[in-house]
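Same order as they appear, the protein sequences are chains A and B. Under this note's numbering, think of the first position of the first sequence as 4, with each following residue one higher. Under this note's numbering, think of the first position of the second sequence as 4, with each following residue one higher. In this text, a Cβ means the ideal position worked out from N, Cα and C, and glycines have one as well.
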Amino acid sequence: MRLGLAALLAFAATTCAGADPPQFTAAELGRIAAHGPWPLPWTADPGNRVSGDAAAIRLGHALFFEPRLSANRRVACASCHDPARGFQDGRATARGLVAGTRNTPGLFNVRHQRWFGWDGAHDNLWSASLRPILDPREMGGKAARVARALRGKSALDCHYTAAFGKRPDAGDPELLVNVAKAIAAWQETLVSPATAFDEFRNALQRGDAEAAAAYPAAAQRGLGLFLGRGQCTTCHAGPLFSNGEFGDIGMPFFIAPDAVDPGRQGGIKRLLASPYNLLGAHNDDRMRDDPTRSNATGTKFLRAEHRNFGEFKVPTLRNLTLTAPYMHNGSIVTLREVVKHYSELDEDRLHADGERILKPLHLAEAEIDDLVAFLESLSPDAAPPAPIAPPAVPTCRER
Amino acid sequence: MNTPITAAIRTRLKLLRGLIRCVALPAIACMLPAAFAAEAKLPIFDAHIHYSHDAWDSTPPKAAIAILRKAGLKRAMVSSSSDDGTQKLYAEAPDLVVPSLRPYRKRGEISTWVRDETVIPHLEERLKKHRYAAIGEFHVYGADADLPVVRRTVQLAKQHKLWLHLHGDSDAIERVLAQDPEARILWAHSGFDGPAAVRAMLKKHRRLYADLAFRNDHASNGKVDPAWREAFLEFPDRFLVGTDTFTPERWHYIAEHADWSREWLADLPPDIAERIGWRNGETLFASMMAQRR
Chain A
4 MRLGLAALLA FAATTCAGAD PPQFTAAELG RIAAHGPWPL PWTADPGNRV SGDAAAIRLG
64 HALFFEPRLS ANRRVACASC HDPARGFQDG RATARGLVAG TRNTPGLFNV RHQRWFGWDG
124 AHDNLWSASL RPILDPREMG GKAARVARAL RGKSALDCHY TAAFGKRPDA GDPELLVNVA
184 KAIAAWQETL VSPATAFDEF RNALQRGDAE AAAAYPAAAQ RGLGLFLGRG QCTTCHAGPL
244 FSNGEFGDIG MPFFIAPDAV DPGRQGGIKR LLASPYNLLG AHNDDRMRDD PTRSNATGTK
304 FLRAEHRNFG EFKVPTLRNL TLTAPYMHNG SIVTLREVVK HYSELDEDRL HADGERILKP
364 LHLAEAEIDD LVAFLESLSP DAAPPAPIAP PAVPTCRER
Chain B
4 MNTPITAAIR TRLKLLRGLI RCVALPAIAC MLPAAFAAEA KLPIFDAHIH YSHDAWDSTP
64 PKAAIAILRK AGLKRAMVSS SSDDGTQKLY AEAPDLVVPS LRPYRKRGEI STWVRDETVI
124 PHLEERLKKH RYAAIGEFHV YGADADLPVV RRTVQLAKQH KLWLHLHGDS DAIERVLAQD
184 PEARILWAHS GFDGPAAVRA MLKKHRRLYA DLAFRNDHAS NGKVDPAWRE AFLEFPDRFL
244 VGTDTFTPER WHYIAEHADW SREWLADLPP DIAERIGWRN GETLFASMMA QRR
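Now the structure itself:
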């Protein structure tokens, strides 16, 4: 049935567009199906007791846009994570209180990540949300400042109290973690819309050849390369188009003439040293002491290896058209250049035995066009509208 | 009043008070001033350093040598694409650098050199001009080790009494040793084979030595893996450690790698830790270079 559909698709696209989309094999159709369905079902974060809580989500939304958390009262989370840009900033590297060294990651679909940040220095979303608030290079926040901001607005104060059962108090050692958990609870609601690729994938699933043929032939050819010669799905797997892990793709990682960004190797060290990791006291998982079901098991057995030096997160490929520039340091401006990077990969930058997956693809110009067309089809046609603030908790009056 | 005499008396009293404190405190705390503690770090012979052309600008020779010294390396076996990088470092610190001649004139020759006959005159010319302890690190797998360019490289090593630093599988090792049973080979990354396979090869070939560069499986959290421990105890004179600076950025990992090595070596009996950490390298390569000066 699927093979028949593929043949029909090929005929339809050839007739309509004058180009030859690939005839996907049964195995390829199965792999296409594995990139969906979209969106993924939402599940609460067991490590965050206010995950899915209405008051916490409302609070987190307000705090995300709140510059009074920062040292100069001018930098908010949204300063770098701009909703109009897929929660990115369009800069090569982030700029908080001072210039940073890494590209700001987008936040759509962040709930489904396993490790957070380019180096995976966080194993949960709330600690990843706390770091920039406290980091003197980004927001430079402090507990007293955060408490003042919360108490300065009755709605914030009220939603905090509703979410955590107590008023915000600068002397409460839980205050900053709670704030981060509220911001995480809001970010968990950020889901990007279905794309042209999702419609194609769903059409194939239900055997709707007519709907599937609407997917551009160039994108289909790009998908064929993505699944086939490119072997891109080895790392860019599943509905998120990421395996959630880390890789060395031959990108330079100097950040100064005499300094480097160690990437995952440094991230693992920071994660294991952090009091806010899932092994620590702030993890709300009720199964945390059960070695077979705890959400901290992955962290417990994590160890830095030599190969991790210079590895960075395998990013999701969804919403790429909203989140240029690319790579951990924002050094590649266009998707076309990204594809060329893989096409002309410098193998000598990869260890001969440490990295067996990547090979230069030596793509023709038309093939580069096709892969770009496919990648673009993983983004919504236009920037999604700014997220609507979640409803206020009835007991909390808005000013 | 602070006459020279009273000042001298005060100084002596100060020393006496210090001495009394030493008696009261645990002996080691008094006997190990910071400078001594730093010196007490296990020296490291890093057998796997590259200084290829793309590292020269980002880490000039003086800076590179400073990195090696700061990491507490006693010696570093260096090779590079091209060999000029090795010579730059050797000129800067002949006491620290043990030069090895790589067949690659630039990056990108890893998989082509075995079929590139222009490699041979390159090697011959460099061997006439400079002193080395080894030829390598070069990459060769399986039957490629019997190709003419590799055969000639093995002959050159024999002729010049040099080691071969070979990155490849056990098949390539066997083929090279079939060409020259007396060849001395440092097996880069020990072929990424497991401890049982490495032990078997070391048992079979008495002139084969194993470098542990870019592998983690022998130790975790400062504890040596039991199977590897057996290998180290059986062949304490045949293992060496190394960083493998295969990109310019990895020069900034040398110190961390040295500390990581010290951590797991501390889990072995001290004499074996010393041998693997630095004495084997000294015995095999550094003394050889000293004789050639």
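Any beta-carbon of chain B closer than 8 angstroms to the one on residue i?
i	result
H309 of chain A	yes
R352 of chain A	yes
P260 of chain A	yes
D356 of chain A	yes
V263 of chain A	yes
Please report the distance separating the alpha-carbon of residue i from that of residue j.
i	j	result
A146 of chain A	D288 of chain A	24 angstroms
A216 of chain A	A131 of chain A	41 angstroms
H53 of chain B	V317 of chain A	28 angstroms
S277 of chain A	T302 of chain A	11 angstroms
G284 of chain B	L99 of chain B	12 angstroms
A216 of chain B	G245 of chain B	4 angstroms
L323 of chain A	N106 of chain A	13 angstroms
R77 of chain A	G143 of chain A	11 angstroms
D119 of chain B	G139 of chain B	16 angstroms
H255 of chain B	A261 of chain B	11 angstroms
A206 of chain A	A152 of chain A	49 angstroms
S83 of chain B	E248 of chain A	32 angstroms
A386 of chain A	A81 of chain A	16 angstroms
V342 of chain A	T248 of chain B	27 angstroms
D92 of chain A	L381 of chain A	19 angstroms
R170 of chain A	R61 of chain A	16 angstroms
G233 of chain A	F200 of chain A	18 angstroms
Looking at chain A, is there any beta carbon in it that lies within less than 8 angstroms of the beta carbon of residue i?
i	result
R118 of chain B	no
G280 of chain B	no
G111 of chain B	yes
T248 of chain B	no
R253 of chain B	yes
M292 of chain B	no
F48 of chain B	no
H51 of chain B	no
F195 of chain B	yes
H125 of chain B	no
H192 of chain B	yes
Taking the CB atoms as reference points, tell me whether residue i and residue j lie closer together than 8 angstroms.
i	j	result
I123 of chain B	R155 of chain B	yes
F3 of chain A	W189 of chain A	Residue 3 of chain A is absent from the structure shown; chain A starts at 4 and stops at 402.
H163 of chain B	H192 of chain B	no
L165 of chain B	V179 of chain B	no
G227 of chain A	P70 of chain A	no
P198 of chain B	A222 of chain B	no
L310 of chain B	I188 of chain B	Since the first and last residues shown for chain B are 4 and 296, residue 310 of chain B lies out of range.
E191 of chain A	D48 of chain A	yes
F229 of chain A	F377 of chain A	yes
L193 of chain A	P390 of chain A	yes
T250 of chain B	R352 of chain A	yes
L325 of chain A	R88 of chain A	yes
A269 of chain B	R241 of chain B	no
D49 of chain B	I275 of chain B	no
A66 of chain B	D264 of chain A	no
Quick one: is residue i buried, meaning 16 or more other Cβ sit within 10 Å of its Cβ, or exposed?
i	result
P397 of chain A	exposed
P40 of chain A	exposed
T89 of chain B	buried
H285 of chain A	buried
I113 of chain B	buried
P139 of chain A	exposed
N75 of chain A	exposed
A259 of chain A	exposed
E379 of chain A	buried
L236 of chain B	exposed
R282 of chain B	buried
R129 of chain B	buried
At a CB distance below 8 angstroms, what residues from the segment 57 to 83 of chain B approach chain A? Give them in sequence order.
Residues of the segment 57 to 83 of chain B whose Cβ lies closer than 8 angstroms to any Cβ of chain A, in chain order: S61, T62, A66.
Residues of the segment 303 to 335 of chain A with a CB closer than 9 angstroms to any CB of chain B: list them in chain order, please.
Residues R306, A307, E308, H309, R310, F312, G313.
Proximal residues, the segment 212 to 245 of chain B versus chain A, C-beta separation under 7 angstroms:
Taking 7 angstroms as the cut-off between beta carbons, the residues of the segment 212 to 245 of chain B near chain A are F217, N219, S223, N224, in sequence order.
Of all the residues that make up the segment 223 to 257 of chain A, which are near chain B by a beta-carbon distance shorter than 8 angstroms?
For the segment 223 to 257 of chain A, the beta-carbon criterion of a distance under 8 angstroms to any beta-carbon of chain B is satisfied by P255, F256, F257.
Contact list for the segment 252 to 271 of chain B against chain A, Cβ threshold 9 angstroms:
Under the 9 angstroms Cβ criterion, the segment 252 to 271 of chain B contributes E252, R253, W254, H255, Y256, E259, H260, W263.
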